Amino acid sequence: MSQRVLLMLIFFVLCNTGGEIVMSYGMKQVGEPQGFRPMSLLRFVWSAAKNRWLWVAIPMLAASFYSLLILFSWAKLSVVIPASASNFIVGTICAKYLLKEDVSSKRWLGVICVCAGVTLVLLTGGH
Amino acid sequence: MSHEHRLRFKTLVMVLLMVVCANTGDLMLARGMKQIGNVEISVPGLQRALLSTIQSGSIWIGILFLIGFTLCYMTAVSWADYSFVMPAGAFGYAIQTMLAIFVLHETVSVKHWIGVLLICFGVLLVGQTKPNTTNVAVLPS
Chain B
14 MSQRVLLMLI
24 FFVLCNTGGE
34 IVMSYGMKQV
44 GEPQGFRPMS
54 LLRFVWSAAK
64 NRWLWVAIPM
74 LAASFYSLLI
84 LFSWAKLSVV
94 IPASASNFIV
104 GTICAKYLLK
114 EDVSSKRWLG
124 VICVCAGVTL
134 VLLTGGH
Chain U
57 MSHEHRLRFK
67 TLVMVLLMVV
77 CANTGDLMLA
87 RGMKQIGNVE
97 ISVPGLQRAL
107 LSTIQSGSIW
117 IGILFLIGFT
127 LCYMTAVSWA
137 DYSFVMPAGA
147 FGYAIQTMLA
157 IFVLHETVSV
167 KHWIGVLLIC
177 FGVLLVGQTK
187 PNTTNVAVLP
197 S
């Protein structure tokens, strides 16, 4: 993996995890939709649009999206997608300490298995 | 069905929708960006890339699927833990491998299979934990 791909990958992980954590925080304040009918969903999207945390998350996720587009043009899909595996560990640490989620040992084990699995998929070079 | 079972069921359905939208979106974006070619990191290079992405049909289809993914994700994290939803979404890697085998007829190494099994086992473990462990009522705005 070249240095520029690695640097872009770090930028992608920081923006992606940061954006998702902030969005998760905001969406907990918004609350779940009252139903799955079009009007309920529209009300849900409108409530989300009024939440200020969502507007912090969107630029971060947009930056992660654009860095992902650049990564796609620089490296194979089978390398870029699994290489973002570190999102799982960084995200779980942030969820525990920033969102105060109760990450049980079973959940940690699951996250580590997922991360190891994704890394193995990367090491095999796609398929 | 108890409240926790209902919560787990609707979270897993939402995660499945997330996975389908994200995989299709990524595939379309990759196709579009491969058509555009290497992006040069300079002001004119980025401007050219931006213009090319706006004009690409594959990119727009990819964006639509990724909007679908974002809506499903927003809905899932409105009731479930981020640390529950995020690893469960990794199930997409297993689906990608299945698509590679059954649709593209690619061969998959033993190491790759072990990776996929680890992902499935990890998702299974995470899926057994409580979907929501936070008290959302105390969140400050």
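Sequences listed follow chains B and U, in order.
To convert, note that position 78 of the first sequence is 91 in my numbering; the numbers rise steadily by one, no gaps.
To convert, note that position 13 of the second sequence is 69 in my numbering; the numbers rise steadily by one, no gaps.
Backbone N, C-alpha and C define an ideal beta-carbon position, used for all residues, glycine too.
Only a predicted model underlies this, so the values are computations on that prediction, with no experimental measurement involved.
Taking only three categories from DSSP, how would you classify T163(U)? coil
Which residues bound the alpha helix (DSSP H) around A144(U)? 138-144
Three-state secondary structure assigned by DSSP to D115(B): coil
Using beta carbons (cut-off 8 Å, strictly below), is H140(B) in contact with chain U? Residue placement at H140(B) cannot be trusted, given a pLDDT of 45 that sits under 50; what the coordinates show is reported in the next sentence. Taking Cβ atoms only, chain U reaches closer than 8 Å to H140(B), which makes this a yes.
Given that a residue counts as buried once 16 or more other Cβ atoms are within 10 Å of its Cβ, and exposed if not, what is Y131(U)? Sequence inspection shows Thr at residue 131(U); the Tyr mentioned does not correspond to that position. T131(U) is classed as buried because its beta carbon has at least 16 other beta carbons within 10 Å across all chains shown.
Which residue wins for smallest C-alpha separation from F24(B), given the options G44(B), Q42(B), V93(B), S37(B)? V93(B)
Would you tell me roughly how many angstroms separate the C-alpha atoms of H140(B) and N64(B), rounded to the nearest one? Residue confidence is low: H140(B) scores 45 on pLDDT, short of 50, so the model does not pin down where it sits. No coordinate-derived value is stated.
Tell me the DSSP secondary structure of V172(U) in three-state form. helix
Between the region 112-131 of chain U and the region 152-172 of chain U, do three or more beta carbon pairs fall short of 8 Å? Contact between the region 112-131 of chain U and the region 152-172 of chain U is absent: fewer than 3 CB-CB pairs across the two stretches fall below 8 Å.
Mapping DSSP to helix, strand and coil, what is V179(U)? helix
Determine, using beta-carbon pairs with one atom in the region 113-133 of chain B and one in the region 46-62 of chain B, whether at least three such pairs fall under 8 Å. With a cut-off of 8 Å, the region 46-62 of chain B and the region 113-133 of chain B do not count as touching, because too few Cβ pairs lie within range.
Leaving out the 5 sequence neighbours to the left and right, which residues in its chain are closer than 7 Å to S37(B) when beta-carbon positions are compared? L112
Give the straight-line distance between the Cα atoms of L122(B) and L127(U), rounded to the nearest whole angstrom. When the Cα atoms are used, L122(B) and L127(U) turn out to be separated by approximately 28 Å.
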